[in-house]
Amino acid sequence: MDHGSASQGKRISRGAIYTITVRSRYKFESAVDFTIDHIEVVQVVQDENNTIPLVTGKSFVLRVFPKLAVPGPDVTNVPILVGFKVDNDITEFERDGSRTIITNNPDRANSQHSYNIFISPQSVDFPDGNVSVAAVINPECTVPEVDCENNAGEVITVQFEEQPGLRVKYLPICIQLHGEPESCPEGSLANLGEIAKRIFPVAEGNFEFSLSESGKLISKESLHVFGRGEDALMQRLEAIYVAEAVTRGGQVTFDQLIGILPEKTMGADNFGGVASGIAAPLWGGKSGRVALVLDQTQNGYVGPVGTAFIVAHEIGHNLGLRHPETKKCESVLSGIFGKGTSSQWPFPDANIQEHGADVIANDIKVGKPASHPNVNYDLMDSCDVLSQWISDFHYVWVYASGFEPTAAEPVLEPLLASLSSDSPRRESGDFAFITGKADRNGVVGELNAVERFTGTADPHAPDPGQDHCLSFADGTGALVGEHCFQLPFVGSEGGRELEEQYFSRLVKMPAGAARVSLRRSGAELDSVTASARVPVVKILSPSGGERWEGSPEQAIRWTGTDEDGDLLRYSVFYSPNGNTDWRSLATGLEAAEYRFDPSAIRGGSDIWFRVTASDGFHRGEADVGPIDVVQHPEITVSNQPVDLGEAVIGQSI
23 MDHGSASQGK RISRGAIYTI TVRSRYKFES AVDFTIDHIE VVQVVQDENN
73 TIPLVTGKSF VLRVFPKLAV PGPDVTNVPI LVGFKVDNDI TEFERDGSRT
123 IITNNPDRAN SQHSYNIFIS PQSVDFPDGN VSVAAVINPE CTVPEVDCEN
173 NAGEVITVQF EEQPGLRVKY LPICIQLHGE PESCPEGSLA NLGEIAKRIF
223 PVAEGNFEFS LSESGKLISK ESLHVFGRGE DALMQRLEAI YVAEAVTRGG
273 QVTFDQLIGI LPEKTMGADN FGGVASGIAA PLWGGKSGRV ALVLDQTQNG
323 YVGPVGTAFI VAHEIGHNLG LRHPETKKCE SVLSGIFGKG TSSQWPFPDA
373 NIQEHGADVI ANDIKVGKPA SHPNVNYDLM DSCDVLSQWI SDFHYVWVYA
423 SGFEPTAAEP VLEPLLASLS SDSPRRESGD FAFITGKADR NGVVGELNAV
473 ERFTGTADPH APDPGQDHCL SFADGTGALV GEHCFQLPFV GSEGGRELEE
523 QYFSRLVKMP AGAARVSLRR SGAELDSVTA SARVPVVKIL SPSGGERWEG
573 SPEQAIRWTG TDEDGDLLRY SVFYSPNGNT DWRSLATGLE AAEYRFDPSA
623 IRGGSDIWFR VTASDGFHRG EADVGPIDVV QHPEITVSNQ PVDLGEAVIG
673 QSI
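Residue numbers (the working numbering): 23 to 675.
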């Protein structure tokens with residue numbers, strides 16, 4: 023591969039007239055004649071006509087394909103000159119051709135059949151708008167050829183456009199069962215967003231993958247059988263995601279929340295030997311905002327790169343992508359993906375189809391033919407995570423969605439205009455986050471909580487054609503609103519049939535609503551009625567002014583009272599900056615105490631805690647602080663060797 027780098031570029035002064043001149047027009051007695059076949063600008067995946075959209079602020083590779091105008095044997099060691107024009111600002115790159123093979127019919131799958139110049143936003147500034155690209159092979163005519171007049175390729179013009187950011191938080195989940203010690207993720211979790219940053223249409227500086235400031239989540243649910251306990255855990259993640267919006271004035275500050283589970287607690291056997299993660303897509307009756315992923319960074323077969331692909335795969339599900347209908351390993355996975363399989367996949371195989379590039383790794387990704395030994399499979403294929411990239415079909419769909427979850431399936435034509443009206447949109451007003459569960463037979467249903475808040479959020483769109491509905495009535499019993507939704511009773515990853523399924527719905531609360539009921543086909547399964555009084559919370563400890571240092575555990579204790587006698591559920595939050603921004607620590611508690619490790623939260627001298635009590639319709643709260651939480655950061659050096667592989671000057675790893 024031709025490992026070029028943008029460090030070779032030289033900037034020509036603004037205002038210059040853009041010309042590329044062949045400096046020598048001598049003709050030699052030679053049977054060789056060079057020309058430019060075509061040019062491609064590739065950020066993730068691209069076709070030879072450059073129709074895949076480009077994102078401002080994202081690295082790319084410029085692939086210039088030379089060819090022999092007169093058929094003959096392959097030639098190497100021919101230089102090339104490439105120029106960019108942005109407004110009147112021109113940048114040139116001069117390249118040798120020692121690694122590039124000039125042939126009669128250049129093969130786009132062969133990285134040596136193109137001059138490859140890898141360019142980062144830090145080296146060349148490409149703002150929104152049009153950029154012109156031109157190239158001349160053998161610019162000084164120093165290599166003898168028949169005719170130097172035809173060495174310049176056609177000038178192409180491409181457009182870079184600003185795209186929304188993608189903000190992802192990860193939350194370590196520790197499993198603690200039957201009084202055993204906590205089992206927590208062990209890998210370098212901060213690197214698990216690396217593939218999502220490379221593979222999705224987002225600028226490098228506009229992508230975030232950071233630790234949730236809620237700390238870590240302690241789960242005491244038994245997750246031994248995949249398809250049962252994880253549903254309840256997903257519901258807790260969705261509650262945490264919504265709580266971040268509730269406690270920050272209703273402004274959602276990130277797009278996806280990924281819970282990372284320890285592999286030794288939920289190993290491959292417990293995931294049916296197939297799935298290493300599970301998403302919460304809208305088409306599965308969930309939020310499209312949270313996912314669970316196994317920490318397999320210590321697994322010799324999967325490793326950190328494979329786990330990072332799984333993170334990107336689950337985010338893809340949440341954005342509406344499904345498994346290709348035709349899978350690489352049909353004999354292994356045939357028939358088990360059910361609702362998670364696309365019926366719109368337009369290709370005969372699961373390859374990425376068009377060729378792509380991992381620009382950060384200076385690696386060209388082969389898309390076809392299927393028989394190619396290095397062919398890559400689509401991100402949503404569920405086979406070998408170490409030979410995956412993303413197809414142009416799915417890439418353009420994500421580009422068009424703007425990273426908003428959708429229940430609609432992408433269709434090939436026209437991709438950019440095919441967004442469904444059910445995509446969430448930010449609204450302001452009175453909302454309720456309603457959780458519960460129902461059984462497949464339609465006999466049993468339960469409303470766990472109705473958490474109300476006022477702010478700005480992305481409510482779920484109702485689906486009037488479904489038989490599960492939330493019905494809202496006023497104080498007289500008159501119907502004031504209804505929100506129907508799908509419960510497929512099928513696991514979103516693996517397609518396994520479920521006997522019962524949890525649901526989480528963020529809905530716009532109808533004016534005057536005093537009662538909410540869960541119904542199936544008109545029959546009421548459960549209900550919650552607004553009581554007359556608001557719950558009262560009083561925090562017993564801490565009392566404020568304490569200093570926490572060196573203690574592995576602290577406790578927050580409180581009392582909650584409700585004159586109506588309603589069952590109360592509690593949530594605990596903390597503010598790292600003096601009662602300004604709030605982070606979720608725990609939700610849905612029935613006990614009046616919460617124990618946690620202070621090292622799992624952000625330290626400081628002005629830490630506050632908040633406890634809220636909900637009776638289903640009303641919420642009371644109490645705050646306490648400041649608390650001085652003293653942290654003592656520790657750093658350890660891994661004894662595992664680090665192999666950076668082969669690198670050349672100008673290449674970053």
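Glycine included, each C-beta is placed from N, C-alpha and C at the ideal position.
Bear in mind that the values here come from a model prediction, so they are computed numbers and not experimental data.
Between residue i and residue j, which are expected to be in contact by the criterion C-beta below 8 Å, what is the C-beta distance as a whole number of angstroms?
i	j	result
Gly566	Pro598	Contact flag wrong, Cβ pair sits at about 16 Å.
Pro101	Arg117	6 Å
Ala265	Thr609	6 Å
Leu283	Asp253	Their Cβ separation, rounded to whole angstroms, is 14 Å, which puts Leu283 and Asp253 out of contact at 8 Å.
Ala91	Asn172	6 Å
Val652	Glu571	4 Å
Ala218	Val381	With 8 Å as the limit, Ala218 and Val381 do not qualify as a contact, their Cβ atoms being about 15 Å apart.
Met256	His345	The Cβ separation is near 19 Å, so there is no contact.
Gln320	Gly209	6 Å
Ala225	Val77	6 Å
Glu184	Asp150	5 Å
Pro574	Val646	The pair is not a contact, with the Cβ atoms about 21 Å apart (cut-off 8 Å).
Do you know how far the Cα of residue j is from the Cα of residue i?
i	j	result
His416	Val180	21 Å
Lys49	Ala156	With a pLDDT of 42 at Lys49, under the threshold of 50, the modelled position of that residue is not reliable, and no figure is offered here.
Glu519	Gly464	15 Å
Trp604	Phe595	6 Å
Ile657	Ile386	36 Å
Leu547	Ala577	37 Å
Thr521	Val538	For clarity, residue 521 is Glu in the given sequence; the question names Thr instead. Cα to Cα, Glu521 sits roughly 24 Å from Val538.
Pro326	Gly215	10 Å
Phe511	Trp630	41 Å
Pro446	Gly342	For Pro446, the predicted structure reports a pLDDT of 46, less than 50, and the residue's modelled location is therefore unreliable. A value from the coordinates is still provided. Between Pro446 and Gly342, the C-alpha separation is close to 12 Å.
Glu114	Phe106	6 Å
Val550	Arg462	22 Å
Ile123	Ala379	19 Å
Lys80	Ser142	7 Å
Ile197	Asn72	48 Å
Pro620	Ser606	14 Å
Val247	Ala613	Because Val247 carries a pLDDT of 41, less than 50, the predicted location of this residue cannot be relied on, and no value is offered for it.
Val324	Gly587	52 Å
Glu176	Tyr137	16 Å
Asn152	Phe182	7 Å
Cys163	Leu103	12 Å
Ala392	Pro427	31 Å
Phe222	Ile61	22 Å
Thr13	Ala429	This structure leaves residue 13 out entirely; the chain is present only between 23 and 675.
Asp291	Lys530	With a pLDDT of 40 at Asp291, under the threshold of 50, the predicted position of this residue should be treated as unreliable, though the coordinate-derived value follows. Cα-Cα distance, rounded: 41 Å.
Could you give the residue range of the beta strand (DSSP E) that holds residue i?
i	result
Gly299	Gly299 to Ala301
Asp385	Asp385 to Lys387
Trp580	Gln576 to Thr583
Ser423	No beta strand (DSSP E) holds Ser423; the alpha helix (DSSP H) holding it covers Asp414 to Ser423.
Phe631	Gly626 to Ser636
Phe618	Glu615 to Phe618
Arg537	Arg537 to Arg542
Ala156	Gly151 to Ile159
Ile623	Where Ile623 is concerned, there is no enclosing beta strand (DSSP E), given that its DSSP letter is neither H nor E.
Excluding the 5 residues flanking residue i on each side, which residues of the same chain have their C-beta closer than 7 Å to its C-beta?
i	result
Val388	Ala131, His377, His394, Asn396, Val397 and Asn398
Keeping to the same chain, check which residues put their C-beta closer than 8 Å to that of residue i; ignore five residues upstream and five downstream.
i	result
Arg258	Leu239, Ser241, Thr609 and Gly610
Gln278	Leu188, Arg189, Val190, Lys191, Arg311, Val312, Ala313, Ile337 and Asn340
Ala460	Val466, Gly467, Glu468, His490, Leu509, Glu522, Gln523, Phe525, Leu540, Arg542 and Leu547
Pro648	Gly566, Gly567, Gly600, Ser627, Asp628, Ile629 and Trp630
Ile561	Ile578, Arg579, Trp580, Phe631, Val633, Ala644, Asp645 and Val646
Can you find the residues in the same chain that come closer than 6 Å, C-beta to C-beta, to residue i, ignoring five residues on each side of it along the sequence?
i	result
Cys506	Pro484, Asp485, Pro486, Gln488 and Cys491
Thr504	Inspection of the sequence shows that residue 504 is occupied by Glu rather than by Thr. Result list for Glu504: Cys491 and Ser493, in chain order.
Pro207	Pro194, Ile282, Pro284 and Asp317
His640	Val556
Tyr616	Ile578, Val594 and Ala608
Start and end of the alpha helix (DSSP H) containing residue i?
i	result
Lys107	Here Lys107 belongs to no alpha helix (DSSP H); instead the beta strand (DSSP E) covers Ile102 to Val108.
Ile112	Segment Asp111 to Arg117 is the beta strand (DSSP E) holding Ile112; no alpha helix (DSSP H) there.
Asn373	No alpha helix (DSSP H) contains Asn373, which DSSP labels as neither H nor E.
Ala313	It is not in any alpha helix (DSSP H) - Ala313 instead sits in the beta strand (DSSP E) that spans Val312 to Asp317.
Thr329	Gly325 to Asn340
Worksheet entry | Segment contact flag, the region 488 to 502 with the region 525 to 539, C-beta cutoff 8 Å, min 3 pairs | yes
Discussion item. For the pair the region 55 to 68 and the region 409 to 424, tell me if three or more CB-CB distances fall below 8 Å.
Written reply: yes
Fill in: Given 8 Å, three or more beta-carbon pairs between the region 447 to 456 and the region 368 to 382
no
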